Structure formats: structure tokens, C-alpha cells
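As they're listed, the protein sequences go chains F and C. Mapping to the numbering used here: the first sequence position 301 is 301, numbers consecutive. Mapping to the numbering used here: the second sequence position 26 is 26, numbers consecutive. Down below is the structure, laid out as C-alpha cells.
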Amino acid sequence: MKDETYREGAVGHVDDICRQAAVWLEQRTCGAWGADDEAQFSAWLNASVDHRVEFLRLRGAWERAERLTVLRPLKADVQVPTRRRVLPIVLRMVAACAVFAVVGTGAAYLMQPGYVTYATTVGGRETLTLDDGSQIELNTDTVVRISQDTRERKVRLDKGEAFFHVVHNAARPFVVLAGNDRVVDLGTKFVVRRESDRLEVAVMEGAARLEQAASGKPARQATLYPGDVAVSRANQLSVTRVATAALAADTAWRQGVLVFRDATLAQAAAELNRYNHDKLVITDAAAGRLMFGGTVPVTGTNAFIDVAQEVLGLRVERRGHEILISR
Amino acid sequence: MPDATAASDADEWFVRKVLPLEAMLVQYLHHNWRNPSDVRDLLHDVYVRVYEAARTQIPDHAKAFVFTTARNLLITRARQEHIVSIEAVADLEALGVAHDEPGPDRNVIARDELRRLQAALDRLAPRCREAFLLRRVEGLSRAQIALRMGIGEHTVKEYLASAMWMLADTLYSERADFRRPS
């Protein structure tokens with residue numbers, strides 16, 4: 001390329017051009033766009049290559065940002081069939097920001113090739129259908145990464161809880177990975193819940209194998225059948241058999257409700273808190289040991305408060321997003 | 001104006017092949033030009049020259065072409081400003097820009113992009129970031145954002161436009177600070 005004389009034109013105006021380009025791009029992507037706009041925009045764009053390169057630069061960035069927005073919040077209004085107040089603005093923003101926080105820390109997620117990340121916000125629920133027909137239902141505040149190839153289907157459960165309805169294919173195993181644990185499908189419906197220090201796997205139909213890998217030690221494993229609930233902690237793997245009705249209660253969240261039997265008030269509060277931004281705090285231990293039973297919507301914090309106040313005669317005090325409950 | 005096909009081919013090539021070089025190009029310009037506050041303008045001029053050439057014919061090797069253009073531009077400007085020292089603009093081979101090499105691992109790029117997006121968000125003013133998130137994450141319209149944030153649509157428009165503007169700087173550039181004169 002030959003050297004031309006230095007063009008004075010653009011210098012000092014680049015920021016202005018860039019701002020104009022941003023205004024056009026915003027109007028095109030976010031506002032109303034009519035024939036007039038198109039004509040004016042074309043005129044601006046074609047007036048100078050100075051305009052065009054800056055516009056292309058911004059549009060390229062905006063489109064890249066769009067591809068990066070892999071995590072979508074759920075449309076709160078359609079997720080829960082029961083009555084639902086529109087969340088206050090602040091809360092909705094918290095939800096939106098939370099999703100982005102995940103994108104931020106999510107940088108590490110893309111270190112493995114081929115993983116696609118899906119997430120739900122607090123109170124959200126989403127069903128993913130894989131191309132083989134297998135379904136994954138994500139419960140509140142859950143992050144999974146899915147990778148599929150011709151040999152294997154892999155789901156990493158980074159946090160939260162998911163129900164798996166797997167179309168079994170021995171030639172193409174379906175594996176759920178959570179920390180050091182692996183759950184291998186043997187033709188099944190099962191639910192996996194990950195908490196900071198424990199992993200719980202419950203099988204509804206068919207069978208699944210839970211493998212616990214401890215570094216430097218031989219892996220422990222257990223094959224689980226319907227009604228089996230396995231809990232894996234560091235160095236510990238326990239399996240109990242429960243009634244199928246109890247299991248159904250464990251996955252009632254799939255219908256947007258929580259079923260409590262023989263639960264303490266503290267347990268019920270902790271469970272409800274997973275789904276709601278307003279957190280129930282039981283401030284004295286004696287109140288926490290009271291029993292709580294029944295079926296409440298996952299958004300039923302208020303129903304819980306009513307029971308606490310009117311049935312159990314407890315004191316309720318709201319402090320910001322905390323609801324303090326005491327005797 | 002050249003015909004529309006030439007323009008859209010050039011657009012496509014520019015977005016796919018040239019813009020991803022921005023981080024490297026900005027670094028090159030910083031390294032070879034004494035006044036950091038000129039870098040944004042120099043970058044723009046490189047883009048204009050590269051794009052104009054591409055409208056006539058798309059260069060075979062984007063990277064080599066972009067850096068040769070940048071070097072020529074620096075030489076021209078150095079002459080005009082009667083700057084003697086241009087020793088640094090000589091050795092393009094050292095930059096490894098002779099050919100279009102396969103870039104770094106795509107996953108690495110994606111990871112970097114996520115970091116950059118987060119960095120870009122962090123740099124936005126809080127209200128501006130809020131508007132951006134409502135648009136990008138919740139997919140709200142301008143009017144809905146205005147309602148949600150309790151501000152006028154015109155302000156939303158300004159917030160979104162500046163978010164776009166800031167975003168480009170951080171996403172393309174490892175040196176997100178090239179706008180700030182040192």
C-alpha cells in the first residue's frame with residue numbers, strides 16, 4: 001500500500017463519529033426503525049468510510065456481546081403457575097445482575113471445549129430438551145453445562161438441582177458430573193441436587209450409578225434403584241431407601257410447589273429461601289424445631305409467614321429482604 | 001459508491017478478519033508511537049485505509065495487510081510531524097504478521113471475551129450498566145427499560161449508546177485504556 005498524504009479529516013473527530021455510530025446502532029437495535037430512519041442512516045453510513053468503519057466496529061462488538069450472553073434469566077411471569085406478584089424493580093435487577101455475575105465467573109466454564117451453559121435465577125425453572133429427547137429440568141438458582149458428542153453426553157451440575165429424564169443409550173452414556181462425583185445413567189429418571197458440601201441423588205425410575213472419586217483412593221460407587229436416595233460427602237457415601245411418595249414430594253418443585261412432611265420450621269424456611277429473594281430467618285432455635293407440614297407454592301413465603309404468625313403464634317419482623325421469625 | 005455487493009463483502013471481511021486484530025494493533029501503535037493520545041485516531045485511520053483498499057479488492061492476508069498499512073501510516077505521520085525516531089516501525093516479521101496464522105484456540109478467545117465483557121460491564125456507570133443488562137439480559141424494549149428505571153426514553157437511549165461505545169473498546173482491546181491519554 002502506497003503512502004498517501006495524511007488525512008486531516010478524521011483526526012480529533014473519531015470520538016464524535018464513534019458516538020454518532022453508537023446512536024445509530026442503538027436506534028437500529030433498540031428503537032423503532034422506519035423507512036425514513038433507513039434512508040437517513042444509509043446517507044450517514046455512505047457519506048464517509050470514517051463513518052462506516054466505526055459503525056462496523058460497534059456493531060461487531062454488540063453482536064459479540066450478544067453471543068456471549070449465554071445465560072438467560074427466566075421470564076418470571078410464565079414460570080410459576082400460582083399467583084405471583086411482580087417483583088419490585090430492585091429485586092428484578094438483582095436477578096439480572098446475578099445472571100451476569102455468573103457470566104463473569106463463567107469465564108472458567110469455557111475452558112473445556114463444547115460446553116454450553118444454562119442457568120436459572122432464584123425462583124426460576126426451566127426444562128431443556130436434548131436432541132436425543134432426554135430432558136433436564138433445572139430448579140431454582142441452578143447452573144449446568146452440557147456437552148454432547150457422538151460418544152458421550154455430559155452434564156456438569158455446577159450448582160443447584162436438576163431432574164433428569166434420560167433416553168438411555170448404552171453406546172452413548174449419559175453422565176452427570178458434580179464436583180468429584182459422577183452419576184451414570186442406566187436407563188432412568190433421577191434428580192441430582194448439589195449443595196456446597198454434599199450431593200444428593202434420588203432415583204425415581206430405572207437405575208443409575210453414583211461414583212465417588214476421592215483423590216488418591218479407589219473410587220466408591222453405588223448402584224441406585226427407584227426409591228434410593230444417595231448422599232455423597234467428602235469420604236462418605238450413604239444410601240437410604242424411601243417411600244416413592246416421599247420421593248414425589250422431593251420433586252414437587254417440578255410442579256412449582258414444595259411439599260413438607262415432618263419437616264421442622266427451620267428446614268422448611270431453608271427450602272423456601274432457595275426460591276425467593278426475601279429470606280426467612282428463624283432467630284431462635286426453639287421456634288426452628290417446631291414442625292411444619294403441607295404443600296406451598298415455591299413462592300409461598302407469605303403463606304409460610306401466615307402459618308408462623310397465625311397458627312404457631314410466632315413474631316414476624318421484616319427487615320429489608322430478611323423476615324425475622326421468633327417466639 | 002461501489003456497488004452494494006462489494007460493500008457488503010468488504011464489511012464482512014472487515015468485521016471477521018480485521019476487527020479481531022484490534023488488541024494487537026493497538027499494542028503495535030502504542031509501541032511505535034510516542035504520544036498515546038493519538039492512538040485512537042491512528043487506529044481509526046488504519047481502519048479507513050484498510051477498508052478503502054478492501055472495497056477495491058479484499059486482501060489475501062488480512063493480518064499482514066493491516067500491519068503493513070499501520071506501519072506506512074506511522075511513517076507518513078512521523079514525516080509530517082518531523083519526528084526523527086521511527087526505528088521501531090521497521091520489523092514486521094518480528095511481530096509474526098507475515099501471514100494469517102491460525103489464531104489462538106477458540107476456547108481461549110471465548111474465555112477472554114467473557115472476561116472482557118465482564119470488564120466492560122464493570123467499567124460502565126451503574127445506571128448505564130443497569131440499562132444494558134435490562135436490554136441484553138432481560139430483552140426489554142427501550143420503553144420498558146424507561147418505565148422500569150423510572151427515567152425518560154431519551155436517557156435510556158443515551159445509556160445504551162454509551163454502553164455500546166464502551167463495550168467495543170473493551171471487547172476488542174486488551175488495552176482498554178487507550179482512550180485515556182497518559
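Heads up, the beta-carbon is just placed ideally off N, CA and C, and yes, glycines get one too. Fair warning: this is a prediction, and the values are worked out from it, not measured in the lab.
Contact annotation for residue 29(C) against chain F: no contact, minimum CB-CB distance about 13 Å [criterion: below 8 Å]. In the three-state DSSP reduction, residue 58(C) falls in the coil class, being neither helix nor strand. As DSSP reads the structure, residue 51(F) sits in no beta bridge. When Cβ pairs closer than 8 Å are counted between the two stretches, the stretch 27-41 of chain C is seen not to touch the stretch 304-324 of chain F, the count staying below three. As the crow flies, the alpha-carbon of residue 136(C) is around 15 Å from that of residue 165(C).
Rounded to whole angstroms, the gap between the alpha carbons of residue 156(F) and residue 167(F) is 18 Å.
Chain-order list of chain F residues neighbouring residue 164(C): 22, 25, 26, 58, 61 and 62, by C-beta distance under 8 Å. Taken atom to atom, the span from the alpha-carbon of residue 14(F) to that of residue 33(F) is near 25 Å.
Contacts with chain F (Cβ-Cβ distance below 7 Å) from the stretch 9-23 of chain C involve 11, 14, 15 and 19, listed in chain order.
Of the other Cβ atoms in all chains shown, 16 or more fall within 10 Å of the Cβ of residue 59(C); this residue is therefore buried.
Of all alpha-carbon atoms in 153(C), 12(C), 49(C) and 156(C), the one lying nearest the alpha-carbon of residue 74(C) is that of 49(C). One alpha carbon belongs to residue 235(F), the other to residue 152(F), and they sit about 27 Å apart.
Annotated as proximal: residue 26(F) and residue 157(C), with beta-carbon spacing under 8 Å. Against chain C, the beta carbon of residue 50(F) has neighbours under 8 Å at 44 and 48, listed in chain order.
The residue among 42(C), 130(C) and 22(C) with its C-alpha nearest the C-alpha of residue 60(F) is 22(C).
Interface flag for residue 168(C) against chain F is set, since a Cβ pair is found closer than 8 Å. In the DSSP assignment, residue 288(F) falls outside any beta strand (DSSP E) and lies within the alpha helix (DSSP H) extending over 285-288. Taking the CA atoms as reference points, residue 276(F) sits about 48 Å from residue 45(F). Interface flag for residue 156(F) against chain C is unset, since no Cβ pair is found closer than 8 Å. Rounded to the nearest whole angstrom, the CA to CA distance from residue 175(F) to residue 140(F) is 21 Å. Taking all protein chains shown into account, residue 42(F) has fewer than 16 neighbouring C-beta atoms within 10 Å of its C-beta and is therefore exposed. Secondary structure note for residue 136(F): its beta strand (DSSP E) is the uninterrupted segment 135-138. Pairwise C-beta distances place the stretch 247-256 of chain F out of contact with the stretch 285-294 of chain F, as fewer than three of them are shorter than 8 Å.
Contact check for residue 163(C) against residue 119(C) fails: the beta carbons are separated by 8 Å or more.
Counting along the chain, no beta strand (DSSP E) covers residue 171(C); the unbroken alpha helix (DSSP H) around it starts and ends at 153-172.
In chain order, 231, 232 and 233 place their CB closer than 8 Å to the CB of residue 198(F), counting only its own chain and leaving out the 5 sequence neighbours on each side.
For the C-beta of residue 160(C), the chain F residues within less than 7 Å are, from N- to C-terminus, 26 and 30. Check the Cα spacing between residue 24(C) and each of 149(C), 128(C), 51(C) and 62(C): the tightest is with 62(C). The three-state reading of DSSP puts residue 29(F) in helix, counting H, G and I together. DSSP, reduced to helix, strand and coil, places residue 242(F) outside both helices and strands of the structure shown, so it counts as coil.
For residue 54(F), a Cβ of chain C is located within less than 8 Å of the residue's own Cβ. In the three-state scheme derived from DSSP, where H, G and I count as helix and E and B as strand, residue 263(F) is classed as strand. Straight through space, the alpha carbons of residue 133(C) and residue 139(C) are spaced by roughly 8 Å.
Under the 8 Å criterion on CB atoms, residue 124(C) is classed as non-interfacial with respect to chain F. The beta carbons of residue 301(F) and residue 284(F) sit no closer together than 8 Å.
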